[in-house]
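Only one structure is covered here, and it is reproduced in the block below.
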Amino acid sequence: MITMAIVASAPAKIILFGEHFVVYGEPAIVMAIDKRAYATVTERDDEKLHIRSSNLNSSGYFHDGIFRIESGDEKETRMKFEPIRLAVEKVLSIDGKKNGFDVEINSTVPIASGLGSSAAVVVAVVMAISSSLHTKIAKEEIFRIGYEAEKLVHGNPSGVDPAVSTFGGTLFFQVDTGFKPLEVKADIPLVIGDTGVKRSTKVQVEKVKELMQRHPRIADLLKKTAREIALGAVDALRENDLETLGELMNINHALLYGIGVSDESVEWLVSAARRGGALGAKLTGAGGGGCMVATAKNEKLENVMAAITKAGGNPFIARKTDDGVRIEHE
Ligand code: PMV
Numbered sequence: 257m258i259t260m261a262i263v264a265s266a267p268a269k270i271i272l273f274g275e276h277f278v279v280y281g282e283p284a285i286v287m288a289i290d291k292r293a294y295a296t297v298t299e300r301d302d303e304k305l306h307i308r309s310s311n312l313n314s315s316g317y318f319h320d321g322i323f324r325i326e327s328g329d330e331k332e333t334r335m336k337f338e339p340i341r342l343a344v345e346k347v348l349s350i351d352g353k354k355n356g357f358d359v360e361i362n363s364t365v366p367i368a369s370g371l372g373s374s375a376a377v378v379v380a381v382v383m384a385i386s387s388s389l390h391t392k393i394a395k396e397e398i399f400r401i402g403y404e405a406e407k408l409v410h411g412n413p414s415g416v417d418p419a420v421s422t423f424g425g426t427l428f429f430q431v432d433t434g435f436k437p438l439e440v441k442a443d444i445p446l447v448i449g450d451t452g453v454k455r456s457t458k459v460q461v462e463k464v465k466e467l468m469q470r471h472p473r474i475a476d477l478l479k480k481t482a483r484e485i486a487l488g489a490v491d492a493l494r495e496n497d498l499e500t501l502g503e504l505m506n507i508n509h510a511l512l513y514g515i516g517v518s519d520e521s522v523e524w525l526v527s528a529a530r531r532g533g534a535l536g537a538k539l540t541g542a543g544g545g546g547c548m549v550a551t552a553k554n555e556k557l558e559n560v561m562a563a564i565t566k567a568g569g570n571p572f573i574a575r576k577t578d579d580g581v582r583i584e585h586e
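In my numbering, the protein residues as written are 257 to 586.
Here it is as structure tokens:
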């Protein structure tokens with residue numbers, strides 16, 4: 257059997273406002289950025305699901321409920337591949353099919369750094385598999401499957417990552433009411449700084465939960481403040497008011513610091529970015545390492561990048577993208 261390879265891709269994201277508080281029902285503002293995860297899918301003659309990740313430098317396959325490692329660390333590889341297996345099974349179950357696949361993952365998104373790489377990978381795989389099977393699938397369904405798969409990665413996700421990887425653009429997201437696209441006409445100049453410190457979203461979310469439980473009244477006030485910050489940011493984004501946006505990012509970072517999810521690596525980069533001329537800087541995603549994001553006037557971007565590099569981080573300029581998950585070619 258000769259089958260054609262199908263390539264799909266999905267964007268990474270940054271959380272501009274509201275990480276962690278979004279888990280407790282408060283709003284978050286998330287933006288798809290121009291770094292993408294690519295999934296190349298080819299049908300197999302048997303029913304194996306074979307996965308290779310060039311980023312993890314690992315490969316293995318699932319067959320009859322058993323995972324066999326080929327290269328890489330067995331425990332880590334299995335943990336990273338399980339959400340992909342679940343997502344593929346969900347797509348197969350739509351039309352009751354049983355095909356096997358070769359899935360090749362290539363991603364330009366740094367792993368475990370707060371940019372939503374796992375969600376982008378899963379969403380791209382869902383699109384590529386459904387296209388290969390000629391299974392009709394709406395974007396809402398892709399998001400839903402991505403969300404189910406993300407629950408394997410960390411127990412109580414808000415769903416922001418699969419939402420923005422599926423739909424692209426800038427979204428106002430709330431667990432109860434779902435996501436609403438925000439119109440952001442201007443390109444917001446953003447620098448992302450990767451600390452290079454890998455961390456687990458699940459661990460950070462658990463830590464926040466315990467703190468919130470120990471200080472319920474303070475937690476309520478912090479949540480209310482996080483909500484006001486996100487609501488203020490909607491106006492600032494609409495009006496392209498970078499100064500206000502920067503101030504709100506700084507306040508948001510202070511809250512995140514307060515709930516214990518910043519760390520030394522993040523603080524270095526956040527301070528460096530501000531010293532380098534950023535209007536505002538904060539961690540993005542779960543924290544405890546990972547990435548931070550800063551906004552600055554265009555003419556200051558290079559300065560901010562240099563300051564982040566000097567502080568030991570790995571900076572890059574991020575542009576928003578309206579393109580959610582898509583087929584690259586088939
Ligand atoms: O670091 P990331 O990309 O996994 O984002 C986590 C965002 C949290 O708000 C901390 C958790 C969530 O599920 O929204």
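Beta carbons are placed, not taken as given, at the ideal position from N, Cα and C, and that holds for glycine.
Are the beta-carbon atoms belonging to VAL377 and ILE340 less than 8 angstroms from one another?
-> Going by C-beta atoms, VAL377 is nearer than 8 angstroms to ILE340.
Look at the alpha carbon of ALA266 and the alpha carbon of GLY569, and state the distance between them as a whole number of angstroms.
-> Between ALA266 and GLY569, the C-alpha separation is close to 25 angstroms.
Determine the burial state of LEU422: buried for a count of at least 16 other Cβ atoms within 10 Å of its Cβ, exposed for fewer.
-> Note that residue 422 corresponds to Thr in the displayed sequence, not to Leu. Here THR422 is buried, its C-beta having at least 16 other C-beta atoms within 10 Å.
Taking 8 angstroms as the threshold, find out whether the stretch 403-422 comes into contact with the stretch 372-386 through three or more Cβ pairs.
-> Contact between the stretch 403-422 and the stretch 372-386 is present, because at least three Cβ pairs lie under 8 angstroms.
ASP417: beta carbon under 7 angstroms from a heavy atom of the ligand PMV?
-> yes
On the three-state DSSP scale, how would you describe ILE444?
-> Three-state DSSP puts ILE444 in coil, outside helix and strand.
For VAL522, which three-state DSSP category applies?
-> helix
Does the Cβ of LEU371 lie closer than 7 angstroms to at least one heavy atom of the ligand PMV?
-> yes
PHE323 to MET505 span [Cα, whole Å] = 43 angstroms
Hey, how far is the Cα of TRP524 from the Cα of ALA567?
-> Straight-line Cα distance between these residues: approximately 6 angstroms.
Could you check what DSSP says for ASN311 in three-state terms: helix, strand or coil?
-> coil
Given that a residue counts as buried once 16 or more other Cβ atoms are within 10 Å of its Cβ, and exposed if not, what is GLU520?
-> Looking at its Cβ environment, which holds fewer than 16 other Cβ atoms inside 10 Å, GLU520 is exposed.
From which residue to which residue does the beta strand (DSSP E) around GLU326 run?
-> 322-327
Can we say the stretch 397-410 touches the stretch 487-501, given the rule of at least three CB pairs closer than 8 angstroms?
-> no
Would the beta-carbon of VAL522 be found less than 7 angstroms away from any heavy atom of the ligand PMV?
-> Relative to the ligand PMV, VAL522 has its C-beta separated by 7 angstroms or more from all heavy atoms.
Can you give, in chain order, each stretch of the beta strand (DSSP E) that sits fully within the stretch 332-400 and has at least 3 residues?
-> 356-363
Strand pairing of LEU438, partner residues [DSSP] = THR426
ILE350 versus GLY328: straight-line alpha-carbon distance, rounded = 32 angstroms
Which stretch, first to last residue, makes up the beta strand (DSSP E) that contains ASN554?
-> First-last for ASN554: undefined, no H or E at that position.
Helix, strand or coil for LYS605, going by three-state DSSP, please let me know.
-> Nothing about residue 605 can be read from this structure; the chain reaches only from 257 to 586.
What residues in its chain sit with their C-beta under 6 angstroms from that of VAL344, if we drop five residues either side in the sequence?
-> LEU305 and ILE385
If you compare alpha carbons, which of GLY352, ASP358, ILE307 and MET383 is closest to VAL581?
-> MET383
Rounded separation between GLU495 and SER363 - CA only | 33 angstroms
Less than 8 angstroms between the CB atoms is what I'm expecting for VAL447 and MET287, so what's the real figure, rounded?
-> With 8 angstroms as the limit, VAL447 and MET287 do not qualify as a contact, their Cβ atoms being about 14 angstroms apart.
Is THR457 near the ligand PMV, judged by its Cβ being under 7 angstroms from some heavy atom?
-> Checking the Cβ of THR457 against the ligand PMV gives yes.
ALA542 to LYS463 span [Cα, whole Å] | 11 angstroms
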